[in-house]
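Each remark here refers to the structure printed beneath this line.
In this note's numbering, the protein residues as written are 1180 to 1285.
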């Protein structure tokens, strides 16, 4: 699901050398990362929440999880369209996460 992780585990890097290795992901809240892991293992983004979607979207962008990124954009666009969230307040998130569809919505 991720070209980033595929490269990490298939390219001869330390992470692909067998045995145990630690991968530190320090720039995301634990609940948001659980959502990312759930998506990696199941393909489901059903645990997205308004509180976690910004972290999940940025993580999806960073780790090339394009389908999850699309699901996050859809989620935020739905929030904006339902007027739960002000579109202008979503612009910085859209720009930071390189979320073109979300930028167009804002």
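Ideal Cβ positions, reconstructed from N, Cα and C, are used throughout, including at glycine. What you are looking at is a predicted structure, and each value in this text was computed from that prediction instead of being measured.
Over what stretch of residues does the alpha helix (DSSP H) that includes residue i continue unbroken?
i            : result
residue 1257 : 1245-1260
residue 1209 : 1209-1221
residue 1181 : Neither: residue 1181 is in no alpha helix (DSSP H) and is coded neither H nor E.
residue 1285 : No alpha helix (DSSP H) holds residue 1285; DSSP gives it neither H nor E.
residue 1271 : 1266-1275
Here's the rule I'm using: 16 or more other beta-carbon atoms within 10 Å means buried, otherwise exposed. How should residue i be labelled?
i            : result
residue 1259 : buried
residue 1283 : exposed
residue 1278 : buried
residue 1183 : exposed
residue 1207 : buried
Just to check my reading of the structure: residue i and residue j have Cβ atoms closer than 8 Å, yes? What is that Cβ distance to the nearest angstrom?
i            : j            : result
residue 1232 : residue 1255 : 6 Å
residue 1269 : residue 1251 : At roughly 11 Å, the Cβ-Cβ gap does not stay under 8 Å, so residue 1269 and residue 1251 are not in contact.
When the Cα of residue i is compared with those of the options, which residue comes out closest?
i            : options                : result
residue 1273 : 1221, 1226, 1234       : 1234
residue 1276 : 1266, 1262, 1245, 1223 : 1245
residue 1210 : 1219, 1227, 1248, 1201 : 1227
residue 1220 : 1265, 1269, 1208, 1181 : 1181
residue 1223 : 1247, 1243, 1183, 1207 : 1247
residue 1280 : 1242, 1249, 1261       : 1249
residue 1261 : 1229, 1202, 1206, 1242 : 1229
Three or more C-beta pairs closer than 8 Å, one from the stretch 1229-1244 and one from the stretch 1207-1221: is that the case here?
yes
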